[in-house]
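*Asks:* Next up is a structure, given as structure tokens.
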Amino acid sequence: MNKRLRRRVVVTGIGALTPLAIGVEESWRKLCQGKSGIARITRFDPSDLNVQIAAEIKDFHPEDFLDKKKVRRTDPFIHYALVAAQMAMD
């Protein structure tokens, strides 16, 4: 097996973007308080759907964490992953 492929990585941090909050501490605090991040869908009109609730990540502005060019060229799920990884490494 290629030596490079056998290299291991250990992530010792954690990052979180949740429907409760942006960041681990605030998400955990709200979870312990019994708060829910589930609410009526706001990103689009869910009127024609059977299910109208979701756990959306609200009040997240990727430009606060990533450069504008990267934000324009990538989808929201990529923003979430990049920012959570960045938080884990900080």
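Just so we're aligned, residue 427 is where the sequence shown starts under the numbering used here, counting upward by one.
Beta carbons are placed, not taken as given, at the ideal position from N, Cα and C, and that holds for glycine.
Output the residue ranges of the alpha helix (DSSP H) runs that lie fully inside the stretch 452-515 and measure 4 residues or longer, sorted by chain position.
*Replies:* Counting only runs of 4 or more, we get 494-499, 502-515.
*Asks:* Pull up the distance between the alpha-carbon of Ala465 and that of Leu457, whole angstroms please.
*Replies:* Each residue's alpha carbon lies about 15 Å from the other.
*Asks:* Beta-carbon separation of Ala442 and Met513 under 9 Å?
*Replies:* Their beta carbons are under 9 Å apart, which means Ala442 touches Met513 by this criterion.
*Asks:* Using only alpha-carbon positions, find the residue among Val437, Arg434, Tyr506 that is nearest to Asp485.
*Replies:* The shortest C-alpha separation from Asp485 is found at Tyr506.
*Asks:* Buried or exposed, going by whether 16 or more other CB atoms sit within 10 Å of the CB of Pro502?
*Replies:* Under this definition Pro502 is an exposed residue.
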